[in-house]
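Notes follow the structure.
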Amino acid sequence: MHLVTRRLRGLALFLAAGSSLLGCSTLPIPPGVFASAPAPVAHVPAPSAASAASQIYFAQVQQQLLSQGLLRTDAGGADTPFTDRMLADNFIRIALYDEYSREGGAFVQRETTSQLRRWAEPVRVGLYFGASVPAERQATDRARVASYLARLSQLSGHPIALSDTPNFWLYIVNEDERAALAPQIRAALPGVSAADIKGITEMPRSTYCLVYAMTERGSAAYGRAFAVVRAEHPDLLRLSCIHEEVAQGLGLANDSPRARPSIFNDDEEFALLTVQDELMLRILYDPTLRPGMTEAEARPIVQTLASRFLGGES
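Here's what the structure looks like:
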């Protein structure tokens, strides 16, 4: 089990699992209030006091970040230059290090070396909504997710798309609906611990969104992932969570204060995938790299790719 977290915004958990847990390519979603398509009815249940308070809180968070010039959507520009060496170093730190390690069943914030992790099979994303999400909002989110997945697939050269037979589950739910997600989590990630389920169903307000990803035993290839985005988020914060959690679930797992422009940074400067993030995704899925590589094995290849992508700048 590996844990990667971001200050305030995102949380990514990576579970090493036996191959027996990954033998079935798809799993049924237990019945409940979660819809895979826009709800056909207009009625939306009234939010609980906790959900209403959460909506107000995150609206204030977004406004405060925007007033500070954060949550940029420009993907980087003249004020955020980076060289091929910076790109290579940032990739190594984000793709080959973990921010958290597990000790005694709990996660402790301690950066440790890891190995390159990514998907080998096509990524099939199932998008599910709580009943609290109006049909119009569902349609907007679905269109945005589909467009983003197409972009990620084009950048990585790896099949990534919405699917009715998912191996990557993405839930957009409010406080009350998230508290009821345990059956869906167990179905998607069999063998997941009660503590890890609680980490989702009792997600603290300081965590904006999260993703779990599971690898096969003896392999660094992902086979399953489960992400949650708060339905209470205002528009930009909601989209930033989608961008971050899906990208982290593809293998760009860590954060680095040196990565700029990047969403893989705790400073919240950028809300959406940046130019450098796109290049890191291209590096991650380049066929010259392979899952399981260590930093020593990957660095020379990563530097070569970074120099190629940026025209040899240093």
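Using our numbering, read the sequence shown as starting at 27 and increasing by one per residue.
We put the beta carbon where it would ideally sit given N, CA and C, even for glycine.
All figures in this text were calculated on a predicted structure; none of them were measured in a lab.
In whole angstroms, what is the alpha-carbon distance linking residue i and residue j?
{"i": "Leu122", "j": "Asp115", "result": "10 angstroms"}
{"i": "Ser324", "j": "Arg316", "result": "Checking the sequence shown, residue 324 turns out to be Ala, not Ser. Going from the Cα of Ala324 to the Cα of Arg316 covers about 9 angstroms."}
{"i": "Gly102", "j": "Thr300", "result": "6 angstroms"}
{"i": "Ala221", "j": "Leu91", "result": "31 angstroms"}
{"i": "Glu162", "j": "Tyr83", "result": "23 angstroms"}
{"i": "Asp342", "j": "Val87", "result": "The structure shown does not extend to residue 342, since the chain spans only 27 to 340, so no value can be given for it."}
{"i": "Thr106", "j": "Pro287", "result": "6 angstroms"}
{"i": "Pro209", "j": "Phe252", "result": "12 angstroms"}
{"i": "Gln274", "j": "Val237", "result": "8 angstroms"}
{"i": "Ala78", "j": "Ala85", "result": "11 angstroms"}
{"i": "Leu159", "j": "Ala332", "result": "The sequence shown places Val at residue 159, not Leu. When rounded, the distance between both Cα atoms is 41 angstroms."}
{"i": "Leu305", "j": "Phe108", "result": "12 angstroms"}
{"i": "Leu153", "j": "Leu276", "result": "16 angstroms"}
{"i": "His269", "j": "Asp100", "result": "14 angstroms"}
{"i": "Ala169", "j": "Arg150", "result": "16 angstroms"}
{"i": "Ala104", "j": "Arg98", "result": "14 angstroms"}
{"i": "Leu196", "j": "Arg334", "result": "34 angstroms"}
{"i": "Phe290", "j": "Tyr311", "result": "17 angstroms"}
{"i": "Ala206", "j": "Ser74", "result": "14 angstroms"}
{"i": "Arg204", "j": "Thr330", "result": "43 angstroms"}
{"i": "Phe155", "j": "Gln164", "result": "7 angstroms"}
{"i": "Ala76", "j": "Ile120", "result": "34 angstroms"}
Helix, strand or coil: which one does DSSP assign to residue i?
{"i": "Tyr234", "result": "coil"}
{"i": "Met124", "result": "Note that residue 124 corresponds to Asp in the displayed sequence, not to Met. Correct three-state label for Asp124: strand."}
{"i": "Met240", "result": "strand"}
{"i": "Glu323", "result": "helix"}
{"i": "Phe155", "result": "strand"}
{"i": "Leu307", "result": "helix"}
{"i": "Leu215", "result": "coil"}
{"i": "Val70", "result": "coil"}
{"i": "Thr106", "result": "coil"}
{"i": "Thr348", "result": "It is not possible to answer for residue 348, since the shown part of the chain is limited to 27 through 340."}
{"i": "Ile186", "result": "strand"}
{"i": "Leu196", "result": "strand"}
{"i": "Phe296", "result": "strand"}
{"i": "Gly337", "result": "coil"}
{"i": "Arg286", "result": "coil"}
{"i": "Gly225", "result": "helix"}
{"i": "Thr138", "result": "strand"}
{"i": "Gly275", "result": "helix"}
Tell me which same chain residues have a C-beta within less than 7 angstroms of the C-beta of residue i, skipping the five on either side of it?
{"i": "Thr320", "result": "Gln141"}
{"i": "Asp6", "result": "Within the shown structure, residues of the chain are numbered from 27 to 340, placing residue 6 beyond reach of any answer."}
{"i": "Val328", "result": "Ala114, Phe117, Ile118 and Ile309"}
{"i": "Ile211", "result": "Val218, Ile223, Ile226 and Phe252"}
Could you name the residues of the same chain whose beta carbon sits closer than 6 angstroms to that of residue i, not counting the 5 residues immediately before and after it, in chain order?
{"i": "Leu336", "result": "Asp110"}
{"i": "Ser245", "result": "none"}
{"i": "Trp145", "result": "Tyr248"}
{"i": "Glu294", "result": "Leu91 and Leu96"}
{"i": "Thr314", "result": "Ile327"}
{"i": "Gly318", "result": "Gln141 and Ala246"}
{"i": "Phe296", "result": "Arg98, Pro287 and Ile289"}
{"i": "Asn193", "result": "Arg150 and Arg250"}
Please report the Cβ distance between residue i and residue j, rounded to the nearest whole angstrom; I am assuming they are in contact, meaning their Cβ atoms lie under 8 angstroms.
{"i": "Ala157", "j": "Pro260", "result": "Incorrect: roughly 20 angstroms between the Cβ atoms, too far for contact."}
{"i": "Tyr234", "j": "Leu263", "result": "7 angstroms"}
{"i": "Leu307", "j": "Leu188", "result": "Their Cβ separation, rounded to whole angstroms, is 18 angstroms, which puts Leu307 and Leu188 out of contact at 8 angstroms."}
Can you give me the Cβ contacts of residue i inside the same chain, cut-off strictly under 8 angstroms, excluding the 5 residues immediately before and after it?
{"i": "Arg231", "result": "Ser80 and Tyr83"}
{"i": "Cys50", "result": "The predicted position of Cys50 is uncertain, since its pLDDT is 32 and thus under 50; no value can be drawn from it."}
{"i": "Leu265", "result": "Arg170, Ala297 and Leu298"}
Please determine if the stretch 199–216 and the stretch 161–180 are in contact, where contact requires at least 3 C-beta pairs separated by less than 8 angstroms.
no
Are at least three pairs of beta-carbons, each pair with one atom in the stretch 218–226 and one in the stretch 277–284, less than 8 angstroms apart?
no
Sufficient close CB pairs (3 or more, under 8 angstroms) joining the stretch 244–262 to the stretch 200–207:
yes
Evaluate the contact criterion for the stretch 180–191 versus the stretch 235–242: three or more CB pairs, one atom per stretch, below 8 angstroms.
Contact between the stretch 180–191 and the stretch 235–242 is absent, with fewer than three C-beta pairs closer than 8 angstroms.
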